[in-house]
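Residue numbers (numbering that gives the first Met the number 0): 0 to 279.
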Amino acid sequence: MTNIERYLKASFDSSKAVTESFSTSFTLGIHCLGKKIRNPIYGVYGFVRVADEIVDTFFDTNQANELDEFESSTYSAIKQKYSPNLILHSFQHVVNFYNIDSELIRAFFSSMRSDLTKAKHTKNSLDQYVYGSAEVVGLMCLKIFVEGNQDLYDKLKDSAKKLGSAFQKVNFFRDIREDYFEKGRIYFPGFDLDQNLNDEIKSNIESEIRDEFTEARKGIYQLPSSSRFGVLLACRYYEKLFKKLQATPVDKLANKRIRINNLQKAALIPSTYFLSFLKL
Numbered sequence: 000m001t002n003i004e005r006y007l008k009a010s011f012d013s014s015k016a017v018t019e020s021f022s023t024s025f026t027l028g029i030h031c032l033g034k035k036i037r038n039p040i041y042g043v044y045g046f047v048r049v050a051d052e053i054v055d056t057f058f059d060t061n062q063a064n065e066l067d068e069f070e071s072s073t074y075s076a077i078k079q080k081y082s083p084n085l086i087l088h089s090f091q092h093v094v095n096f097y098n099i100d101s102e103l104i105r106a107f108f109s110s111m112r113s114d115l116t117k118a119k120h121t122k123n124s125l126d127q128y129v130y131g132s133a134e135v136v137g138l139m140c141l142k143i144f145v146e147g148n149q150d151l152y153d154k155l156k157d158s159a160k161k162l163g164s165a166f167q168k169v170n171f172f173r174d175i176r177e178d179y180f181e182k183g184r185i186y187f188p189g190f191d192l193d194q195n196l197n198d199e200i201k202s203n204i205e206s207e208i209r210d211e212f213t214e215a216r217k218g219i220y221q222l223p224s225s226s227r228f229g230v231l232l233a234c235r236y237y238e239k240l241f242k243k244l245q246a247t248p249v250d251k252l253a254n255k256r257i258r259i260n261n262l263q264k265a266a267l268i269p270s271t272y273f274l275s276f277l278k279l
């Protein structure tokens, strides 16, 4: 192993460590992917997580400047095919190897930046935010899953976007208390914890999420076998969380964070394995 190869391995190990520290559900799903594509997905997740932490965690810093510097360093890493930042080094390798469109990266940073400036959303601004924060991540992952098959990418990209959107909106429901009381953000238009929390708005949002999961499933079953199991597992975990959120009265969402424990997540693995081959 050359030093260049050793450095790349260390960079993917760093992205893997970030993933494992922040998301048990995605870590579980990645473990169920084909070995060849695990590191690239870690590379994407590590990158996304660092940007997310800049805008969601480090409130005592100049977050706008930090995000600007991280974005600039990202483009520099992609151009030079190297970064002293291990997370960015793994990400640039993924971008260059899988030919990920720079428009997806720009849209991602645009959504991250809006978290620093926009406290409430309209329907249009929410759609733009979800595209940049979640749908483009689904498209980056799809680039990896199809391994250069552009026809398959074009065929499945709408489903990938639907899955990313559904995941993000479930996250919004799960984190609604934290987002509102700790960060001052309201993602769903009209869904105000102080004055406008009602079952009708919740039901309408849930209907939209259900439709997105339905469309996403159609695409998952057409993925290559190397990715189908892992993606389906992540989808089923989020569907299970979504059902639990649906069953939670609207007023309770503001009082506690709804979770699926690790044992329940692991229990999905055997049935998902068979479903991924039966395509049910």
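By construction, the Cβ of each residue, glycine as well, lies at the ideal position given by its N, Cα and C atoms. Being a predicted model, the structure only gives us computed values, none of them experimental.
7 Å CB neighbourhood of residue i in its chain, flanking five on each side removed
| i | result |
| --- | --- |
| residue 173 | 240, 244, 256, 257 |
| residue 197 | 249 |
| residue 54 | 62, 66, 111, 114, 115 |
| residue 117 | 124 |
| residue 151 | 145 |
Cut-off 6 Å between Cβ atoms - residues of its own chain near residue i, not counting five sequence neighbours on either side
| i | result |
| --- | --- |
| residue 231 | 219, 271, 275 |
| residue 37 | 29 |
| residue 76 | 82, 87, 91 |
| residue 205 | 245 |
| residue 201 | 249 |
| residue 168 | 208 |
Element boundaries [alpha helix (DSSP H), containing residue i]
| i | result |
| --- | --- |
| residue 51 | 34-55 |
| residue 15 | 2-21 |
| residue 88 | 85-97 |
| residue 271 | 268-277 |
| residue 82 | Premise fails: residue 82 is in no alpha helix (DSSP H) and is neither H nor E. |
| residue 104 | 101-113 |
Sub-8 Å separation of residue i and residue j beta-carbons
| i | j | result |
| --- | --- | --- |
| residue 70 | residue 108 | yes |
| residue 184 | residue 253 | no |
| residue 161 | residue 211 | yes |
| residue 143 | residue 223 | no |
| residue 165 | residue 130 | no |
| residue 103 | residue 145 | no |
| residue 140 | residue 17 | no |
| residue 262 | residue 236 | no |
| residue 27 | residue 264 | yes |
| residue 20 | residue 89 | no |
Close beta carbons around residue i, own chain, < 8 Å, minus the five adjacent residues each side
| i | result |
| --- | --- |
| residue 8 | 0 |
| residue 190 | 175, 196, 200, 201, 204 |
Threshold first: 4 residues or longer. Then list the alpha helix (DSSP H) segments lying entirely within the segment 122-203, N to C.
Here the runs fully enclosed are 122-129, 135-145, 149-173, 175-182.
Contiguous beta strand (DSSP E) assignments of at least 3 residues, all confined to the segment 223-254:
Within the segment 223-254, no run of beta strand (DSSP E) at least 3 residues long lies entirely inside it.
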